[in-house]
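Using UniProt numbering, you'd call the opening residue of the sequence shown number 1 and step up by one each time. Glycine residues also receive a C-beta, built at the ideal position from the N, C-alpha and C atoms. Have a look at the structure below before the remarks.
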Amino acid sequence: MKINKLLTLLFFLSCSLIMANNEAGGLDSTVIRKGISLKEAYKDKFLIGTTLNAWQIRGRQPEELKVATENFNSIVAENIMKSARIQPNEGEFNFELADEFVKIGEENNMHIHGHTLIWHSQAPDWFFKGEDGNTVSKEVLTQRMKDHIHTVVGRYKGRIHSWDVVNEAIEDDGSYRKSKFFEILGEDFIKLAFEFAHEADPDAELYYNDYSMAIPGKRAGVVRMVKKLQSEGVTVHGIGMQGHIGLNNPDIREFEKSIEDYGKLGKVMITELDLSVLPSPWGDAGAEISDSYEYEDEMNPFPDGLPGNVEQQFVNRYVEFFKLFLKHEDKITRVALWGVNDGNSWKNNWPVRGRTDYPLLFDRENNPKPVVNALVKLASTK
């Protein structure tokens, strides 16, 4: 009799704890039992994507690939389709990994996004130099861009559904980045890139992609640029807003203003989404990969795991942004995480190498973090 009373008491205590945890925004055991994935929860809202790296594509991390295919319905290649990787020398294309990447997407009935055709940061040096070592003419660079885009986009015509045609061409103040593309061709390099991509695959969706897209000056510059292109008859289907965010930046109200303004120009994709919990050396949400800083212990405060209060801040911040995405689901076609799990996130090494960050939805052992259930629950209430 005493044992039965004790068991009954323990049962009610456990129920109370579960209810309290749920009310506090914690794990929902019902969602866990049902096994509702992110892609299932958001299937009527927008695509949920992730990036794949070379090891995953080669099959060296099958457990990570399993997480990707079970939880996401869209993929993008992290590095292997950037121009320096796919055409390291003029006329010498290496499609081995890109072909495998596309095959993975097709075999799993996933939306496939191409990244990226024209980007100053990982363009091969030969793009801009002649045999004499001098800077090439406008005509030469134009032809090289055309050959590259036609070859890459043409190879995957009808198979890759959307492309980041031009990446990070606008500075935070709204001016054009003074890249080698701009130095040789001026702002016309952007127009040419979109024209070549549309010629190569008229049915693919074409996007401009950039970071810090909630900064008012940058927003104005991007809107100005895309409006001009569209007024000239250039096909630009939408804007990719990189989501490299922190616990305190960017201002979500400015992020919403950008979704609204970009949505007037076409479709919006939330790209490269990750949420860093670590301090930033400069205090904003930029993503200029050439920036780097020396390691200091104070910049790596959580080497052994997140404290409970920080974990809750992390969950709350992701939920805050996904509430915004759901509010504007009529404009947003895709929300894509920049990585499968915390262990393979670039944020562990940028802008300070050797740190331990926790920016994604799955932990280093490929387990869903509490935020996953929070996001699944959120979708069911909207």
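If you follow the beta strand (DSSP E) that Tyr-176 is part of, which residue opens it and which one closes it?
-> By 1-based counting over the sequence shown, the position of residue 176 is 176. Looking at the DSSP string, Tyr-176 is not in any beta strand (DSSP E), and its letter there is neither H nor E.
Counterpart residues of Asn-209 in DSSP-defined beta bridges = Mapped onto the sequence shown, residue 209 falls at position 209. The partner list for Asn-209 (beta bridge, DSSP) reads Asn-167, Gly-240.
Neighbourhood of residue 389 by C-beta distance below 6 Å, restricted to the same chain and skipping five residues each side | The shown model of the chain, from 1 to 382, leaves out residue 389, and the question about it has no answer.
Cutoff 6 Å; reference Val-153; Cβ partners in own chain excluding five residues on either side | The sequence position of residue 153 within the sequence shown is 153, counting from 1. Once the five neighbours on either side are set aside, the close Cβ partners of Val-153 are Ala-197, Ala-200, Asp-201.
What's the call for Ser-212, buried or exposed, on a 16-neighbour Cβ count within 10 Å?
-> The residue given as residue 212 occupies position 212 in the sequence shown. Burial is judged here by how many other beta carbons sit within 10 angstroms of a residue's own beta carbon; Ser-212 has at least 16 and is buried.
Supposed close pair His-113, Val-76 - CB separation, criterion 8 Å | Here residue 113 refers to the residue found at position 113 when the sequence shown is read from its first residue. Here residue 76 refers to the residue found at position 76 when the sequence shown is read from its first residue. Yes, they are in contact, since the Cβ atoms of His-113 and Val-76 sit about 4 Å apart, within 8 Å.
Cβ-Cβ separation, Met-225 to Ala-193 (assumed contact under 8 Å), whole Å | For the purposes of this step, residue 193 is identified with residue 193 of the sequence shown, where counting begins at 1. For the purposes of this step, residue 225 is identified with residue 225 of the sequence shown, where counting begins at 1. Rounded, the Cβ-Cβ distance is 12 Å, inconsistent with contact.
For the alpha helix (DSSP H) containing Ile-36, list its first residue and its last residue.
-> On the sequence shown, residue 36 is found 36 positions in, with the first residue counted as 1. Going by DSSP, Ile-36 is part of no alpha helix (DSSP H) at all; its letter is neither H nor E.
Thinking C-beta only, is Gly-238 closer than 8 Å to Met-269?
-> Looking up residue 269 in the sequence shown gives position 269. Looking up residue 238 in the sequence shown gives position 238. For Met-269 and Gly-238, yes; Cβs fall inside 8 Å.
Beta-carbon gap between Thr-51 and Trp-350 smaller than 8 Å | Locating residue 51 in the sequence shown gives position 51, counting from the first residue. Locating residue 350 in the sequence shown gives position 350, counting from the first residue. Not in contact: Thr-51 and Trp-350 (Cβ atoms no closer than 8 Å).
Distance, Cα to Cα, Phe-72 vs Lys-39?
-> Looking up residue 72 in the sequence shown gives position 72. Looking up residue 39 in the sequence shown gives position 39. Their backbone Cα atoms lie some 5 Å apart in a straight line.
7 Å CB neighbourhood of Gln-87 in its chain, flanking five on each side removed = On the sequence shown, residue 87 is found 87 positions in, with the first residue counted as 1. In the same chain as Gln-87, and ignoring 5 residues on each side of it, the C-beta atoms closer than 7 Å to its own belong to Phe-93, Pro-124, His-148, in chain order.
Quick one: does Leu-229 have its CB under 8 Å from some CB of chain D?
-> Chain labels in this structure do not include chain D; a single protein chain is all it has.
State buried or exposed for Asp-44, treating a residue as buried only when at least 16 other CB atoms are found within 10 Å of its CB.
-> Taking the sequence shown and counting its residues from 1, one reaches residue 44 at position 44. Exposed, because fewer than 16 other Cβ atoms sit within 10 Å of the Cβ of Asp-44.
Would Lys-2 be called buried (16 or more neighbouring beta carbons within 10 Å of its own) or exposed?
-> What you label residue 2 is simply residue 2 of the sequence shown in a count that begins at 1. Residue placement at Lys-2 is flagged as unreliable, the pLDDT there being 41, under the threshold of 50; a coordinate-derived value is accordingly withheld.
What's the C-alpha gap between Glu-311 and Ala-374?
-> Translated into positions along the sequence shown, residue 311 becomes position 311. Translated into positions along the sequence shown, residue 374 becomes position 374. So the alpha carbons of these two residues sit roughly 12 Å apart.
For His-113, which of helix, strand or coil comes out of DSSP?
-> Looking up residue 113 in the sequence shown gives position 113. Annotated three-state conformation of His-113 is strand, per DSSP.
Excluding sequence positions up to five away, which residues of its chain have a Cβ less than 8 Å from the Cβ of Gly-59?
-> Reading the sequence shown from its first residue, position 59 is the one you call residue 59. Here the set comprises Leu-65.
Identified DSSP bridge partners for Asn-89 | Taking the first residue of the sequence shown as 1, we reach residue 89 at position 89. According to DSSP, Asn-89 shares a beta bridge with Glu-92.
Unbroken alpha helix (DSSP H) run spanning Glu-320, endpoints | To locate residue 320, count along the sequence shown from 1; it is residue 320. Element bounds for Glu-320: 308 to 327.
For Gly-26, I'd like the list of residues in its chain whose CB is within less than 6 Å of its CB, leaving aside the five on either flank, ordered along the chain.
-> Position 26 of the sequence shown, counted from the first residue, corresponds to residue 26. For Gly-26, the predicted model reports a pLDDT of 46, less than 50, meaning its position is unreliable; a value from the coordinates is still stated below. Scanning its chain for C-beta atoms nearer than 6 Å, with the 5 sequence neighbours on each side dropped, one finds no residue around Gly-26.
Close beta carbons around Ala-84, own chain, < 8 Å, minus the five adjacent residues each side | As a position in the sequence shown, residue 84 is number 84, starting the count at 1. Counting only Cβ-Cβ distances below 8 Å, and skipping sequence neighbours, we find Gln-122, Ala-123, Pro-124.
Pair within 8 Å by beta-carbon distance, Glu-205 and His-244 = For the purposes of this step, residue 205 is taken as the residue at position 205 of the sequence shown. For the purposes of this step, residue 244 is taken as the residue at position 244 of the sequence shown. In this structure, Glu-205 lies away from His-244, with their beta-carbon atoms at least 8 Å apart.
Give the single residue among Pro-307, Asn-341, Lys-331, Gly-186 whose Cα lies nearest to the Cα of Lys-138.
-> Here residue 138 corresponds to residue number 138 of the sequence shown, with the count starting at 1. Checking every option, the nearest Cα to that of Lys-138 belongs to Gly-186.
Express the C-alpha separation of Pro-303 and Leu-7 in angstroms, rounding to a whole number.
-> On the sequence shown, residue 7 is found 7 positions in, with the first residue counted as 1. On the sequence shown, residue 303 is found 303 positions in, with the first residue counted as 1. Here Leu-7 scores only 38 on pLDDT, less than 50, and its place in the model should not be relied on; the value that follows carries that caveat. Note on geometry: alpha-carbon atoms of Leu-7 and Pro-303 lie some 40 Å from one another.
In chain order, what residues of the same chain lie with their CB nearer than 6 Å to the CB of Phe-189, ignoring the 5 residues before and after it?
-> The count along the sequence shown starts at 1 and reaches residue 189 at position 189. Phe-181.
Per-residue burial, Thr-116 [other beta carbons within 10 Å of its own, 16 or more giving buried] | Stepping through the sequence shown from its first residue, residue 116 is reached at position 116. Burial of Thr-116 is indicated by the presence of at least 16 other C-beta atoms within 10 angstroms of its C-beta.
Check whether the Cβ atoms of Glu-256 and Leu-324 sit closer than 8 Å, and answer yes or no.
-> As a working note, residue 256 is residue 256 in the sequence shown. As a working note, residue 324 is residue 324 in the sequence shown. Yes, they are a contact pair.
From Pro-301 to Val-223, what does the alpha carbon distance come to, in whole angstroms?
-> Here residue 301 corresponds to residue number 301 of the sequence shown, with the count starting at 1. Here residue 223 corresponds to residue number 223 of the sequence shown, with the count starting at 1. CA-to-CA, the gap between Pro-301 and Val-223 works out to about 38 Å.
Cβ pair Leu-247, Arg-317 closer than 8 Å = Indexing the sequence shown from 1 puts residue 247 at position 247. Indexing the sequence shown from 1 puts residue 317 at position 317. Pairing Leu-247 with Arg-317 gives a Cβ-Cβ distance under 8 Å.
Taking the alpha-carbon positions, what's the Asp-261 to Asn-109 distance?
-> Counting from one through the sequence shown, the residue named residue 261 turns up at place 261. Counting from one through the sequence shown, the residue named residue 109 turns up at place 109. Whole-angstrom Cα-Cα distance: 32 Å.
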